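Input: a single structure, listed below in structure tokens.
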Amino acid sequence: MIWKTCFLATVKIIIATVVSYFAILAVIRIMGKRTLAKMNAFDFVVTVTLGSTLSSMLLNKVPILDGTIVVFIIVSLQYLIAYLAQRSQTIEKTINSTPTILFYNGEFIKDALEKERITEEEILAEIRSYRLEQLSEVRAVIMEINGTFSVIKKDTGERPTSLKDLTP
46 MIWKTCFLAT VKIIIATVVS YFAILAVIRI MGKRTLAKMN AFDFVVTVTL
96 GSTLSSMLLN KVPILDGTIV VFIIVSLQYL IAYLAQRSQT IEKTINSTPT
146 ILFYNGEFIK DALEKERITE EEILAEIRSY RLEQLSEVRA VIMEINGTFS
196 VIKKDTGERP TSLKDLTP
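Each residue of the sequence shown is one higher than the one before, counting from 46 in the working numbering.
Pasting the structure below:
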């Protein structure tokens, strides 16, 4: 009798694992490429919530059907909010932070460094990672909404710029 209980528990774990595996694949396909890209705070919350839910399903803390419903609701909310953010700047700015200029035309922006809790040494390291030696070669260093840094080299030509929506 004990072997039967152990066998049924093992089968249940196997089924939950297989269902969770395919559910994760389906979620990634539904949510699109942004799921696999570097995350912003919004994506991080969704990922942690999904991971916690799937973990609870695998450990039999939550029935598979209940967990699947939670996953469906989370994915639906993520899709809906991303859809609304595409159509409303207010929603987009509420969900995502804005890029922050940390260094501009040879000067560190002290308030921005404090706000983002970034040191000048981290900025210098990022500039070096772009294989730049002289600060005079750098127009700006920006912390993007996903936490990565962009280093913009100075340019002598007058062309459209990706910095037009930012203020130092």
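The C-beta atom is built at its ideal place from N, Cα and C for all residues, glycine as well. Quick caveat: nothing in here was measured; it's all calculated off a predicted structure.
Per DSSP, which one or two residues make a beta bridge with residue i?
i	result
E152	Y149
F194	M188
Between residue i and residue j, is the Cβ-Cβ spacing less than 9 Å?
i	j	result
F153	E171	no
A127	F67	no
A61	N105	yes
I109	V56	no
G151	L180	yes
Hey, quick one: how far does the alpha helix (DSSP H) through residue i stretch, first residue to last?
i	result
S100	86 to 103
V120	109 to 132
S174	165 to 174
Return the chain-ordered list of same chain residues with a C-beta closer than 7 Å to the C-beta of residue i, the five sequence neighbours on each side being excluded.
i	result
P144	I187, M188, E189, I190, L211
E182	K198, K199
A185	I146, F148, Y149, I197, L208
L122	none
R173	none
Leaving out the 5 sequence neighbours to the left and right, which residues in its chain are closer than 8 Å to residue i when beta-carbon positions are compared?
i	result
N141	N85, A86, F87, A130, I190
Q134	none
V107	T98, S101, V115
Please report the residue range of the beta strand (DSSP E) in which residue i lies.
i	result
I187	183 to 188
Tell me which same chain residues have a C-beta within less than 6 Å of the C-beta of residue i, skipping the five on either side of it?
i	result
G112	T98, M102
T94	I119
V115	T98
I136	L129, A130
State yes or no: is the beta carbon of residue i nearer than 9 Å to at least one beta carbon in chain B?
i	result
K199	Looking at the structure shown, chain B is missing, and only one protein chain is on hand.
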